[in-house]
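Asker: Throughout the sequence shown, residue numbering follows mature numbering (1 follows the signal peptide of the UniProt record, and there is no 0), covering -25 to -1, 1 to 373 in sequence.
Yeah, the Cβ is synthetic: ideal placement off N, Cα and C, and Gly gets one too.
Just so you know, these numbers come straight off a predicted model, no measurement behind them.
Supplied in structure tokens, the structure appears directly below.
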Amino acid sequence: MAPQPLSLTLTAFIIFFSLILTSSAADDDHQFEFMDVAAALNQARQFQSPVTSGIRLGSGEYFARIGVGRPSKDFYMVVDTGSDISWLQCQPCSTCYDQADPIFNPSASASYRPLPCAAPQCSALEVSACRTDSCLYQVSYGDGSYTVGNFATETVTFGATGSVPNVAIGCGHHNEGLFAGAAGLLGLGGGTLSLNSQIKAASFSYCLVNRDSSSSSTLEFNSARASDAVLAPLLTNPRINTYHFVALNGINVGGRPVNFSPDLLDIGGDGRGGVIIDSGTAVTRLRSEVYNSVRDAFAGMARDLPAASGFSLFDTCYDLSRMTTVRVPTVSLQFAGGKAVPLRPSNFLIPVDDAGKYCFAFAATSGSLSIIGNVQQQGTRVSYDLANKVVGFSPNKC
């Protein structure tokens, strides 16, 4: 889920402005010091929490079961590799959406500590403010969702595998958006405030089960990746450190490379463009020129399937209601180094109603940034080796 912290919605701006009494300021030279306490206790330790589909709670996201506070209370939190700030709804809640768990009460936690305005965690926020020497945060997302509240440190617990003290999280008192069922969001981006960065995890991984599955998989920190993983370089973009950029070189349909200019997937000299992996975005979005080529290649090889009208953001759909056996072209993602990750049919042809309509699960974006979404990641363990700057894809490892 791509954050837009510098582009506040009008509602979020009004709420945030109303909370500000004085502006915060801190020395940027110290912005990394806040990680030392938690990291010193947790380096090389392995943590694990269950991950489930949010579909039964009315969400298209994936949820990790995370404990917060002391004593620990468990919450469903959106697994999001496209943002850094972890947060959850807090009492008293002026504006809150419905969630499955009781709303977190910071006054009932012995480990809750509001951050002062001079704290380095506060200065690391892209949007922050100060009220009675308490740090305030605000994050707006691309779909208009937002969260506003107090920035604090808390103890975070990963099931029976252990807990991490002094993790900076947002305690949201004003929250709105498409977070149905979840208490908040777990930020697993590449910035200094992401959970993985705060505990200095050398790696983390997850496997997303099928969206309609009731089973669970795991979110893991510092565990070894599978030996048969297809590896691709993680790229550095000096303009944006939140996103996990990956070297995607091409897309194959029916075993053949789709014809488009490879530089359409590159990070430009101005830092724009490129391809990111985002567990908080559902459908893979491709630059329009790339998408058109991939869609046309797929449609050309799927002429035997009965066409249907488009649906929502999908423009290539089929009526499979009368078919018992469906043959579709293969689709795979080609990464730098010559290795390809094959997608299962359920990763690229998905049902959109109960009447047998299926749609090609890619979409175009008008921008230059392409996103590999969670539909295409289902059934594959995605391992982020942050120490060696590679990402591994291990199909059928849930």
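#1: Give a yes or no on contact between the stretch 40 to 55 and the stretch 215 to 222, applying the rule of three or more CB pairs nearer than 8 Å.
#2: Reducing DSSP to helix, strand and coil, say where residue 363 ends up.
#3: With DSSP as the reference, label residue 2 as helix, strand or coil.
#4: Quick check on residue 264: buried or exposed, where buried means 16 or more other Cβ atoms within 10 Å of its Cβ?
#5: Only counting runs of 3 or more residues, tell me where the beta strand (DSSP E) segments fall wholly within the stretch 211 to 250, in order along the chain.
#6: Within the chosen definition, does the stretch 237 to 247 reach the stretch 323 to 339 through at least 3 CB pairs nearer than 8 Å?
#7: Whole angstroms are fine: how far does the CA of residue 371 sit from the CA of residue 203?
#8: Name the one or two DSSP bridge partners that residue 266 has.
#9: From residue 294 to residue 347, what does the alpha carbon distance come to, in whole angstroms?
#10: With 16 as the cutoff for other CB atoms within 10 Å, does residue 80 come out buried or exposed?
#11: Is residue 7 helix, strand or coil by DSSP?
#12: Taking C-beta to C-beta, are residue 354 and residue 373 nearer than 9 Å?
#13: Could you tell me which of 71, 40, 155, 131 sits nearest to residue 173, measuring between CA atoms?
#14: Between the stretch 289 to 305 and the stretch 268 to 275, do three or more beta carbon pairs fall short of 8 Å?
#15: Tell me whether the beta-carbon of residue 277 lies closer than 9 Å to the beta-carbon of residue 177.
#16: Quick one: grab the DSSP three-state call for residue 357.
#17: Kindly indicate which residue of 191, 171, 349, 231 has the alpha-carbon position closest to the one of residue 256.
#18: Rank 149, 91, 34 by C-alpha distance to the C-alpha of residue 114 and give the top, closest one.
#19: Looking only at its own chain, which residues have a Cβ that is under 7 Å from the Cβ of residue 352, when we skip the five neighbours before and after it?
#20: Measuring CB to CB, does residue 315 end up less than 9 Å from residue 266?
#21: Does the contact criterion of 3 or more C-beta pairs under 8 Å hold for the stretch 151 to 170 versus the stretch 306 to 326?
#22: From residue 134 to residue 179, what does the alpha carbon distance come to, in whole angstroms?
Answerer: Put simply:
#1: no
#2: coil
#3: Residue confidence is low: residue 2 scores 36 on pLDDT, short of 50, so the model does not pin down where it sits. No coordinate-derived value is stated.
#4: exposed
#5: 223 to 228
#6: no
#7: 11 Å
#8: According to DSSP, residue 266 bridges with nothing at all.
#9: 26 Å
#10: exposed
#11: Because the pLDDT of residue 7 is 39, which lies under 50, any placement of that residue in the model is unreliable, and the question is left without a value.
#12: yes
#13: 131
#14: yes
#15: no
#16: strand
#17: 349
#18: 149
#19: 183, 254
#20: no
#21: no
#22: 16 Å
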